[in-house]
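Below is one structure, written out as structure tokens; comments come after it.
Protein chains: 2
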Amino acid sequence: MSVTKTLFPLVSVDVALFSIERDRLGVLLVKRANEPELHRWALPGGVLKPDLDANLESAARRVLQAKISVDVPHLEEVRTFSGAERDPRGWSVAVLFYALLPADRVQAVISSKIEEAKWAPAARTGHRLAFDHDRQLDAALGALRRKVEEHTLPLHLLPSRFTLTALQHTCELILERRFDKAAFRRRLKTSSDLQAVPGEFVRGVQRPAQLYEARPGFTFARSSS
Amino acid sequence: MSVTKTLFPLVSVDVALFSIERDRLGVLLVKRANEPELHRWALPGGVLKPDLDANLESAARRVLQAKISVDVPHLEEVRTFSGAERDPRGWSVAVLFYALLPADRVQAVISSKIEEAKWAPAARTGHRLAFDHDRQLDAALGALRRKVEEHTLPLHLLPSRFTLTALQHTCELILERRFDKAAFRRRLKTSSDLQAVPGEFVRGVQRPAQLYEARPGFTFARSSS
DNA sequence: GCAATAGTGTCTATTAGACAATATGGG
DNA sequence: CCCATATTGTCTAATAGACACTATTGC
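Note that the protein sequences, when read in sequence, are chains F and E.
For the first sequence, our numbering assigns the number 676 to the initial residue and increments by one for each residue that follows.
For the second sequence, our numbering assigns the number 676 to the initial residue and increments by one for each residue that follows.
Pasting the structure below:
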């Protein structure tokens, strides 16, 4: 093992990519094609390349592009995972991001994938993931839920135009909890995140439902500084 | 410049150490003793040493110990700052933490310091800090304020025993906003974070004030996962 | 008693949840 | 008309802020 491995940590990014699929909150898993942890399911991730990446967030976008050919509308840092034990290749730092993908682009991801990939229920994947990715997924899901819990709207998980019922249903899938319809809508009325699309409705065997879209400038990111 | 510099990023940790001093929220600044940014005030920080550090949080603790000989009761990751431009030495990743120091240990830090250090008002230091540390301090202060805003008690900024008035005053200094006394105390009564110390009071020219302490197991950390 | 701060009680405005009522298109 | 779902209204409980009141000590 070279000297650099003990003096420089391995820096990588991992991404928990969330979307709504099969009426649940799903996370994208990829099957590892290399040692270590060959053939085990994992969050998409990759090693930072300073010559290619402007910063860690760019690295995360590059990884998603390389593994599953997808551009995501929202990407946010969660936290780091570090130490000598988490990866057998040596002392490593993984910077975890989560990303949101609109539900209407779920199929595109699977069909354009480069490596073997699949959607799994975010809360219970049914696999033991590679490395510390089970903990990472827990942390990413916790971060997403906290945001929605504090009333930030996960609009990036929806098509560009959506009904209030669809939005409520999305929040319910994330938090695994039902909301009261009247209270939910009352809150949205006083929010500046949404605007109705005049004259646009979804029709069915019932009263037409008004379509809404995100106000220009809407962002899921926290008002950090 | 060696090849390693372009293949491996420089990984370092920076710490915004907060405390209450001179009746305000202070942050500890150290004067840089080396190039680059020689003699400029900065957040204490240092390069990760995989042979010494179990993980990034340990690295942050080691840096505080080395620069100002202090052990902090609370340390929490904020986010990363990364890219080729933030440090003239090359592509770098800085992992930012904030730390809380009890007010009764403020003097000890300054007197035991190894490098030149001082406390400055956290919200307006009065300096342009080295590298991107102005942005880092903004982010750390934002993270601390969000926590207090969502009703987490910054008990690590107080002595082990304190009055409710002192606790309220600390919160007010952090958020730069006054609270209503009755509402503040009502909230604390239903919280499980505090317990009265039976028979312990602070006496003065007024009615004695009950002393409180943190319940065993209290933590300022977020219930992440 | 007086000053000073500790600690409590009360009123009101706001908000969330429960639940019911009304609206409107397709068949 | 009937069904299904959209959308709105009402009642109530919980909570936060404003403000005032009472309590207890040193002097």
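Each residue gets a CB set at the ideal place from its N, CA and C atoms; glycine is no exception.
Using the rule of at least 16 other Cβ atoms within 10 Å of the residue's Cβ for burial, across every protein chain shown, is residue i buried or exposed?
| i | result |
| --- | --- |
| residue 772(F) | buried |
| residue 736(E) | buried |
| residue 747(E) | buried |
| residue 701(E) | buried |
| residue 693(F) | buried |
| residue 873(E) | exposed |
| residue 725(E) | buried |
| residue 855(F) | exposed |
| residue 833(E) | buried |
| residue 883(F) | exposed |
| residue 713(F) | exposed |
| residue 895(E) | buried |
| residue 865(F) | exposed |
| residue 858(E) | exposed |
| residue 818(F) | buried |
| residue 899(E) | Here the model assigns residue 899(E) a pLDDT of 43, short of 50, so the residue's position is not dependable, and the following value carries that caveat. The residue in question, residue 899(E), is exposed, as its Cβ has fewer than 16 Cβ neighbours within 10 Å. |
| residue 734(F) | buried |
Using 8 Å as the threshold, is the C-beta distance between residue i and residue j below it?
| i | j | result |
| --- | --- | --- |
| residue 763(F) | residue 711(F) | yes |
| residue 718(E) | residue 749(E) | no |
| residue 731(F) | residue 767(E) | no |
| residue 707(E) | residue 769(E) | no |
| residue 790(F) | residue 722(F) | no |
| residue 754(F) | residue 696(E) | no |
| residue 828(E) | residue 816(E) | no |
| residue 703(E) | residue 784(E) | yes |
| residue 881(E) | residue 871(E) | no |
| residue 716(F) | residue 802(F) | yes |
| residue 720(F) | residue 738(F) | yes |
| residue 761(F) | residue 698(F) | no |
(request) Can you give me, in chain order, the residues of the region 786-814 of chain E that have a beta carbon less than 8 Å from any beta carbon in chain F? (result) 810, 813, 814
(request) Please list the residues of the region 693-711 of chain E that have a C-beta atom closer than 8 Å to any C-beta atom in chain F, keeping them in chain order. (result) none
(message) For the pair the region 682-699 of chain E and the region 799-814 of chain E, tell me if three or more CB-CB distances fall below 8 Å.
(response) yes
(request) Please determine if the region 776-791 of chain E and the region 877-895 of chain F are in contact, where contact requires at least 3 C-beta pairs separated by less than 8 Å. (result) no
(request) Pair every Cβ in the region 838-856 of chain E with every Cβ in the region 813-829 of chain E, then say whether three or more of these pairs are closer than 8 Å. (result) yes
(request) Kindly provide the ranges of any alpha helix (DSSP H) runs that are 4 or more residues long and lie completely inside the region 799-841 of chain F, ordered along the chain. (result) 808-824
(request) Please confirm if the region 781-800 of chain F is in contact with the region 832-840 of chain F, defined as three or more CB-CB distances below 8 Å between the two stretches. (result) no
(message) Along the region 837-856 of chain F, where does the CB come closer than 7 Å to a CB of chain E? Name the residues.
(response) Flagged: no residues at all.
(request) May I ask you to list, following chain order, the residues of the region 865-885 of chain F that have a beta carbon less than 8 Å from some beta carbon of chain E? (result) none
(request) Note down, one range per segment and in chain order, each beta strand (DSSP E) of at least 3 residues found wholly within the region 744-788 of chain E. (result) 749-758, 767-775
(request) Pull out every residue of the region 763-788 of chain F whose Cβ sits closer than 7 Å to any Cβ of chain E, in chain order. (result) Within the region 763-788 of chain F, the residues whose Cβ lies closer than 7 Å to some Cβ of chain E are 766, 768, 770, listed in chain order.
(message) Against chain E, which members of the region 715-733 of chain F pass a CB distance test of less than 7 Å?
(response) 723, 725, 726, 729, 730, 731
(request) Please go through the region 834-888 of chain E and give each complete alpha helix (DSSP H) segment of 4 or more residues, from N-terminal end onward. (result) 839-850, 856-864
(message) Counting only Cβ-Cβ distances shorter than 7 Å, please list the residues of the region 737-756 of chain F near chain E, keeping chain order.
(response) 752, 754, 755
(request) Select from the region 819-833 of chain F all residues with a C-beta closer than 7 Å to any C-beta belonging to chain E, and list them in chain order. (result) Listed by position along the chain: nothing, the set is empty.
(request) Only counting runs of 3 or more residues, tell me where the beta strand (DSSP E) segments fall wholly within the region 699-747 of chain F, in order along the chain. (result) 699-706, 720-722
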